[in-house]
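Using my numbering, the first residue of the sequence shown is number 66, and each one after it goes up by one. Glycine included, each C-beta is placed from N, C-alpha and C at the ideal position. Computed from a predicted model, the values in this text were never measured in an experiment. Taking it in order: structure first as structure tokens, then the write-up.
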Amino acid sequence: MNNFAVKELYSDKHTSLPSVSSLLKISLGLILFTMLSTALVYAETMSVDVEGTSFDVEYTATGFTVDDVESDSGFGSLLFTVDVTDSIGILNLVLERSFLDSTFEGEDDPFIIINQFGEDLVFTETTTSLSRTLNIELPAGTIEVDVIGTSFNNSILSEPVEPPVVETPTVEPPVVETPTVEPPVVETPTVEPPVVETPTVEPPVVETPTVEPPVVETPTVEPPVDNTPKIQCGPGTVLKDGACVLDERCGPGTVLKDGACVLDSTSQSSGSSKGMGKESLMGFVVAFVIAGIVAVIFGIIARASKSSN
């Protein structure tokens, strides 16, 4: 009885549990549903104008909204205008390499992603041969996101590639050179005539004697010495026959000097001394006479005064 009850209970439990294959199918269905619902809800595209040509940019916005996207072909950048509603927004951006890429010397180079203040934003990247996917974190307060690459690589912006010019080589016919046979050169020996050396005869050197003229000594004639004693005469006299006599060529009181008659200074001095002696004597006599007259007058006055007394 008990064994039968246990078997029935065990069989009931096994019949109520689903199989493993059913669980796998349910799981796969849920995963597919989640992926499809996510793609349908968040995947968006926005048209971007690049030099008059419109391109679609695929992105996914979580916790924010995208208001506008602008391109700058000069810097190879995309400028997103956003409004972050959550504390942190996530921008999932898929960039086709044929549209916008960032390379350096043929190798992938990281994108530069900044906000309106020029601050770098945190992001991760997943790359394939055809695209580069960026997951960018947007803090609250972010209003602009600038994604900077190197250039827009689409067919519109890229320079046209000219096909290589294949140069067809021109085949020139071989030039057959005809050898020119030169006649042998016969060298004729040149016979040089013998060199006859003519001796140079130098004329004899005749030395002409130099005749010096005789030296004539001129005797030096000394002038005769006048041993006659020199007699000096005074003024107004001349030397005549060895004696001083009066010079009669000038008048009295003058003497001959430098061929002209001039006054004799000695006679003038003697005359002036005689005149001065006469004048002094006359002055003395006059003074004596005046003194006598004065004495007589005083004597008369004295007598008159005595007689009146």
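For F145, the first and last residue of its enclosing beta strand (DSSP E):
Residue 145 sits at position 80 when you count from the first residue of the sequence shown. It spans 142-149 - the beta strand (DSSP E) in which F145 sits, taken as one unbroken run.
Range of the contiguous beta strand (DSSP E) that encloses V308:
The residue you call residue 308 lines up with position 243 of the sequence shown. Rather than Val, the amino acid found at residue 308 in this sequence is Ala. Counting along the chain, the beta strand (DSSP E) containing A308 begins and ends at 308-311.
By how many angstroms is the C-alpha of V113 removed from the C-alpha of D137?
Looking up residue 137 in the sequence shown gives position 72. Looking up residue 113 in the sequence shown gives position 48. Straight-line Cα distance between these residues: approximately 10 Å.
Three-way DSSP call (helix, strand, coil) for R197 in this model:
Residue 197 sits at position 132 when you count from the first residue of the sequence shown. It is a strand residue.
So does the segment 246-258 actually touch the segment 171-184, counting three or more Cβ pairs closer than 8 Å?
With a cut-off of 8 Å, the segment 171-184 and the segment 246-258 do not count as touching, because too few Cβ pairs lie within range.
Skipping 5 residues on each side, what residues in its chain have a beta carbon closer than 6 Å to that of G94?
The count along the sequence shown starts at 1 and reaches residue 94 at position 29. Once the five neighbours on either side are set aside, G94 has no close Cβ partner at all.
Rounded to a whole number of angstroms, what is the C-alpha to C-alpha distance between L222 and F169?
Against the sequence shown, residue 222 aligns to sequence position 157. Against the sequence shown, residue 169 aligns to sequence position 104. At L222 the pLDDT is 39, less than 50, meaning the model places this residue with poor confidence; the figure from the coordinates comes in the next sentence. Taking the straight line joining both Cα atoms gives about 18 Å.
Straight-line gap, F363 to E344 (C-alpha atoms, nearest Å):
Locating residue 363 in the sequence shown gives position 298, counting from the first residue. Locating residue 344 in the sequence shown gives position 279, counting from the first residue. Cα to Cα, the separation comes out at about 29 Å.
Going by alpha carbons, who is nearest to V134 out of V210, E277, T127?
Here residue 134 corresponds to residue number 69 of the sequence shown, with the count starting at 1. Restricting attention to V210, E277, T127, the CA atom closest to the CA of V134 is found in V210.
Under the three-state reduction of DSSP, which class applies to V112: helix, strand or coil?
On the sequence shown, residue 112 is found 47 positions in, with the first residue counted as 1. The amino acid occupying residue 112 in the given sequence is Ser; Val does not appear at that position. Three-state result, S112: strand.
What are the partner residues of L186, as DSSP defines its beta bridges?
Counting from 1 along the sequence shown, the entry for residue 186 is found at position 121. Looking at the DSSP assignment, L186 forms no beta bridge with any residue, so it has no partner.
So what's A360 in DSSP terms, helix, strand or just coil?
Start at 1 with the first residue of the sequence shown, and residue 360 comes out as number 295. DSSP places A360 in helix when its eight states are reduced to three.
Does G141 pass the burial test, meaning 16 or more other C-beta atoms within 10 Å, or should it be called exposed?
If you number the sequence shown from 1, residue 141 lands on position 76. Looking at its Cβ environment, which holds 16 or more other Cβ atoms inside 10 Å, G141 is buried.
Which partner residues does F217 have in the DSSP bridge list?
Reading the sequence shown from its first residue, position 152 is the one you call residue 217. Partner(s): L165.
Can you give the Cα-Cα distance for I213 and T207, rounded to whole angstroms?
Against the sequence shown, residue 213 aligns to sequence position 148. Against the sequence shown, residue 207 aligns to sequence position 142. Each residue's Cα considered, the two are about 17 Å apart.
If we count Cβ pairs, one from each stretch, closer than 8 Å, do we get three or more for the segment 154-171 versus the segment 124-134?
Three or more beta-carbon pairs separated by less than 8 Å link the segment 154-171 to the segment 124-134, which places the two stretches in contact.
What's the C-alpha gap between T189 and I153?
Residue 189 sits at position 124 when you count from the first residue of the sequence shown. Residue 153 sits at position 88 when you count from the first residue of the sequence shown. T189 and I153 have their C-alpha atoms spaced approximately 15 Å apart.
Can L151 and T130 be called in contact, C-beta distance under 8 Å?
Along the sequence shown, read from residue 1 onward, the residue named residue 151 stands at position 86. Along the sequence shown, read from residue 1 onward, the residue named residue 130 stands at position 65. Going by the sequence as given, residue 151 is Asp instead of Leu. Contact flag unset, no.
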